[in-house]
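These notes concern the structure reproduced below.
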Amino acid sequence: MKISKIPRVAAWYFCFAALASLFAIAPAFAQKAYDPGASDGEIKIGNIAPYTGWGSQYASIARAEAAYFHMINDRGGINGRKINFISVDNASDPSKSRDLARKLVEEDQVLLIFSSIGTEGNLAIRDYMNENKVPQLFVQSGSAAFDDPARFPWTMGFFATFQSEGLAYAKYILQTKPGAKVGVLYANDDAGKEYLAGVQDGLGDKASAMIVKEISYQIADKTLDPQIAALKDSGADVFLNFSIGPFATQTIRKAYDLGWHPLQFIPNASLSIAAFLDPAGLEKSAGIITNARSKGWMSPRAQSDPAVREFLDWMRKYNAQASLRDQDNVAGYERAQTLVEVLKKCGDNLTRANVMKQAASLDLELGMLRPGIKIKTSATDYQPIRQLFLIQFDGREWIPFGGVIRF
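Below you can see the structure in the form of structure tokens.
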């Protein structure tokens with residue numbers, strides 16, 4: 115059977131037509147997609163932090179994030195785009211957060227709001243962010259309220275919940291001091307009640323017998339001395355001290371000065387040596403237990419880890435004014451790293467919907483997270499970190515013990 119040849123002119127025509135068709139289609143594949151806050155040269159990121167007011171120590175997290183983004187910009191940005199990090203002060207007043215969020219979104223035109231600090235402030239802006247379909251990403255709060263993708267698909271938390279912390283402490287108490295008399299101090303707000311619920315769940319049917327005193331405080335309280343005196347008088351030999359930040363400083367000091375030396379636990383939010391334990395007195399803080407997710411970085415042994423050396427090099431070059439003994443610096447470092455990975459995954463599709471899509475499909479290991487702890491999300495799981503481990507303060511530094519606990 116004879117196969118006829120295509121005439122040479124016709125062959126050239128078909129090749130040209132095919133190439134023309136390819137080039138006509140190519141721009142569709144390469145087309146960029148932007149929402150407000152993104153462009154060829156820039157990505158605007160909003161943040162709300164307490165630079166002033168009672169919670170001002172936590173602003174070191176936002177400063178660390180700004181320093182990390184500075185490093186990324188020095189390296190050329192994300193896919194050629196520089197990060198414009200717009201961080202504003204709510205003066206530790208959650209009632210100011212909604213107006214600040216509105217300004218960031220409507221006037222500053224940010225692509226998303228990232229790592230805003232505090233449970234109540236984030237709850238105050240959650241409805242607004244979801245109504246306007248703007249990502250409220252990696253919230254700086256351990257509240258389980260921020261893992262609710264069915265009702266709030268534009269809001270995502272970051273680390274193990276307050277309830278998980280309370281649960282971990284309760285399980286440890288049952289294992290090591292099953293006959294303990296437990297006193298609990300907690301803030302009279304959503305976060306404080308979550309800590310308390312975790313303890314009650316962890317102790318189970320022994321909770322009513324083991325908990326001898328539960329007492330709350332208000333953020334407006336000038337002193338927590340009456341609460342500490344009442345807990346001491348209850349006969350408690352275990353103190354679940356769920357006070358936050360400067361309140362933890364005050365209560366650690368007061369318990370010691372009253373001659374009350376129970377086995378004491380504090381929340382992850384209060385573990386900064388520089389911000390909270392130094393002012394309380396290091397000798398008064400010795401023996402306290404809390405929880406963490408990240409590696410240590412102060413000891414020579416820890417500094418043999420390449421990821422730790424990379425963190426320390428970054429601190430020296432980009433965050434030199436901050437204290438190496440402030441654990442909030444690593445918190446900001448890890449959050450900023452995670453956001454950068456999300457934005458890299460977005461490529462040239464920098465829409466708010468794609469930001470959330472990429473944030474909800476993470477399977478990420480960070481160098482400063484302890485082995486066994488990773489960032490993993492899905493469309494139905496908005497709690498990126500579900501692990502922690504316990505650490506105890508020896509009067510100078512935090513010492514880890516036990517394995518990774520998963521929730």
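Per the working numbering, the sequence shown runs over residues 115 to 521.
Quick reminder that beta carbons are idealized off the backbone N, C-alpha and C, glycines included.
Only a predicted model underlies this, so the values are computations on that prediction, with no experimental measurement involved.
Straight-line gap, Phe276 to Ala305 (C-alpha atoms, nearest Å): Phe276 and Ala305 have their alpha carbons spaced roughly 7 Å apart.
DSSP-derived helix/strand/coil call for Phe183: Phe183: helix per DSSP, three-state reduction.
The segment 172–184 touching the segment 426–435, judged by at least three CB pairs closer than 8 Å: Judged by Cβ distances under 8 Å, the segment 172–184 makes contact with the segment 426–435, as three or more pairs qualify.
For Gly151, the nearest candidate out of Arg500, Ile227, Ile329 and Pro420 (CA to CA): Minimum Cα distance to Gly151 is reached at Ile227.
Buried or exposed (CB count within 10 angstroms, at least 16 for buried), Gly446: That one is buried.
Local conformation of Pro381 per DSSP, three classes: Coil.
Three-state secondary structure (DSSP) of Thr494: Thr494 falls in the coil class under three-state DSSP.
Cβ-based burial, Asn236 [other Cβ within 10 Å; buried from 16]: The C-beta of Asn236 has 16 or more other C-beta atoms within 10 Å across all chains shown, which makes the residue buried.
Enclosing alpha helix (DSSP H) for Asn443 [first to last residue]: Segment Asp442 to Cys460, the alpha helix (DSSP H) holding Asn443.
Euclidean distance between Cα positions of Met482 and Ala416: Roughly 11 Å between the two C-alpha positions.
When Asp262, Asp241, Asn161 and Glu448 are compared against Ala493, the one with the closest alpha-carbon: Answer by Cα proximity: Asp262.
Segments assigned beta strand (DSSP E), at least 3 residues, entirely inside the segment 200–251: Segments of the beta strand (DSSP E) lying fully in the segment 200–251: 226–228.
Environment of Pro208 [buried if 16+ CB atoms lie within 10 Å]: So Pro208 ends up on the buried side.
Straight-line gap, Ala142 to Asp203 (C-alpha atoms, nearest Å): With a pLDDT of only 40 at Ala142, under 50, the local geometry of the prediction cannot be trusted, and no value is derived from it.
Nearest to Asp213 (by Cα), restricted to the options Arg367, Gly194, Asp241 and Asn193: For Asp213, the closest C-alpha among the options Arg367, Gly194, Asp241 and Asn193 is that of Asp241.
Neighbour flag for His184 against chain C, beta carbons, 7 Å: Going by chain labels, chain C is absent from the structure shown, which holds only one protein chain.
Three-pair Cβ contact test at 8 Å for the segment 336–351 versus the segment 285–297: Contact holds between the segment 336–351 and the segment 285–297, because three or more Cβ pairs, one in each stretch, are under 8 Å apart.
Top-ranked residue by Cα proximity to Asp371, from Ala343, Leu354, Gly190 and Lys158: Minimum Cα distance to Asp371 is reached at Ala343.
Alpha carbon of Ser419 to alpha carbon of Asn468, nearest angstrom: The residue asked about is misnamed: residue 419 is Asp in this sequence, not Ser. Cα-Cα distance, rounded: 35 Å.
Inter-residue CB distance, Phe507 and Ile402 (contact presumed, cutoff 8 Å): Phe507 to Ile402, Cβ: 5 Å. Contact.
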